[in-house]
Amino acid sequence: MKRADSCEVVITTSRLPSKKTLELINDLVNSLPGVEKVVRGKKPFISLLEEAVIRGARYIAFIWDRRGMPSALLFYDVVNKMWKPYMLKISGIKTRRELPVFTARRPPAKSAVVVDLAGGELGDIFAEIFRYPLVYDLDAVRGLFDTVILVRPGDRYVVEVLGRDLGPRATVIKIAKVIYRHV
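Start counting the sequence shown at 1; every next residue gets the next number (full-length UniProt numbering).
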């Protein structure tokens, strides 16, 4: 179980983020314990790195925008001073307002788990970055965690952020592919 008072990941955007990207980040910060937001503005990378070190974060998560939509998620390892060798290509999101049922913002989460029903690398990536337990059975975690990050198969992957009752908690993210790159 992850404590809410420790910062593991600092999350930020590319410059001039869209409203959808900002809504996504606010949902993630509220739903994922150990994640704090840093407003990018005109800050250079070195300032973001200093901010992460001050907060004691192990990773910086960047959400890039392209044409007003979140397009990719990249991770920088603050401790080892290097980019992680993968980029998560985002093919679409559904904000809380776009979900078929009304989803009010819930209180900040204190615990989280990753449930991987897709059997791919994405569950492992989330477990590594956020340091949440990784399980493969959704029924086994019902009612035990404030947030359940459900990775299920879709076009490629669909990431749903669920609450303790397994109802929607935050934005749904479609990940088109995991791109491995030389860093």
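We put the beta carbon where it would ideally sit given N, CA and C, even for glycine.
{"Asked": "Buried or exposed by the 16-neighbour rule on C-beta atoms within 10 Å, applied to Val10", "Found": "buried"}
{"Asked": "Proximity test, Ala176 beta-carbon vs the ligand ZN heavy atom, cut-off 7 Å", "Found": "Of the ligands one can find in the structure shown there are none, so the ligand ZN has no counterpart to examine."}
{"Asked": "Cβ neighbours of Leu28 in the same chain (closer than 8 Å, five flanking residues each side left out)", "Found": "Ile11, Val35, Val161, Ala170 and Thr171"}
{"Asked": "Extent of the continuous beta strand (DSSP E) run through Pro92", "Found": "Per the sequence presented here, residue 92 reads as Gly, with Pro not at that position. Element bounds for Gly92: Met82 to Lys94."}
{"Asked": "Residue of Lys94, Ile46, Lys110 and Lys84 minimising C-alpha distance to Lys174", "Found": "Lys94"}
{"Asked": "Three-pair Cβ contact test at 8 Å for the stretch 72–92 versus the stretch 105–116", "Found": "no"}
{"Asked": "Ile54 classed as buried or exposed, judged by whether at least 16 other C-beta atoms fall within 10 angstroms", "Found": "exposed"}
{"Asked": "From Gly41, Pro33 and Lys43, residue whose alpha carbon lies closest to that of Ile127", "Found": "What sits at residue 127 in the sequence shown is Ala, not Ile. Here the closest residue by C-alpha is Pro33."}
{"Asked": "contact_flag[the stretch 39–47, the stretch 117–136] where n(CB pairs < 8 Å) is 3 or more", "Found": "no"}
{"Asked": "contact_flag[the stretch 64–71, the stretch 14–26] where n(CB pairs < 8 Å) is 3 or more", "Found": "yes"}
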